[in-house]
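Asks: Residue 1 is where the sequence shown starts when you use this note's numbering, and the numbers rise one by one after that.
Every residue gets a Cβ at the ideal spot worked out from N, C-alpha and C, and that includes glycine.
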Amino acid sequence: MLREARGCILAAVLLFGLGAVLAPLYPAPGLRLAEALFEMAQTLHDKSLLEIALAIFVRNVLAVSTALLLGVGLGLLPAAAALLNGWLAGVVLADQPRAVWMILPHGVFELPAVFMAWGLGIWCGLWVTAPAPFAALKQRLGKSLWLLLVLIVPLLGVAALIEGALIAWLAA
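1. Put residue 47 into one of helix, strand or coil per three-state DSSP.
2. Is residue 25 buried or exposed, if buried means 16 or more other CB atoms sit within 10 Å of its CB?
3. So the alpha helix (DSSP H) residue 94 belongs to, where does it begin and stop?
4. Do residue 30 and residue 75 have their CB atoms nearer than 8 Å?
5. Would residue 151 and residue 116 qualify as a contact pair, given that the criterion is a beta-carbon distance under 8 Å?
6. Near residue 92, what residues of its chain come up, given a Cβ to Cβ distance below 7 Å and the 5 sequence neighbours on each side ignored?
7. Would you be able to state if there are at least three C-beta pairs under 8 Å between the stretch 7-27 and the stretch 127-138?
8. Expressed to the nearest angstrom, what Euclidean distance is found between the alpha-carbon atoms of residue 4 and residue 104?
9. Nearest by alpha-carbon distance to residue 83: which of 119, 53, 155, 143 is it?
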């Protein structure tokens, strides 16, 4: 199933990379995102590992589900999400290059999951270009939701546990 959407998944990766490359040149959008993320992280400061992991997991599942489902609108939302998240990563890494060691442990699971979700959202949005558009939309959404449940959500679960453990460890 991923094979059909691989070009769109690659497009999501490239948009993320473009955002990361552009971030040092024009950091304002990424800085606003980083501030919002920092504020959200502050609310987790006095929580247990399980509470932190659950909060991260729910936030990430909602974000990728929304991007995937709203991708039917020509794939614009997941494309924008990929670009803006790349921008965020670029701003953070340009300012704090050592942050890669904080991102890497959970990013190994989280990044492929979000790239797949964004790519599947873009792929769903291209239903309008298919010879039988409504049949394509139904088929693409069905396949994408299946992958969301059996592949993307489990990857986000593992990532949330790792990220939660890192946050709990740093807060200790």
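Replies: Taking the structure as given:
1. In the three-state reduction of the DSSP assignment, residue 47 falls in the coil class.
2. Classification of residue 25: exposed, given that the 10 Å Cβ count is below 16.
3. Where residue 94 is concerned, the enclosing alpha helix (DSSP H) stretches over 76-95.
4. No, the pair does not count as a contact, with Cβ atoms beyond the cut-off.
5. In this structure, residue 151 sits near residue 116, with a CB-CB distance shorter than 8 Å.
6. Contacts found: 34, 99.
7. Touching, no, given that fewer than three Cβ pairs across the two stretches are closer than 8 Å.
8. One C-alpha to the other measures close to 28 Å.
9. Taking only the C-alpha atoms, the option nearest residue 83 is 119.
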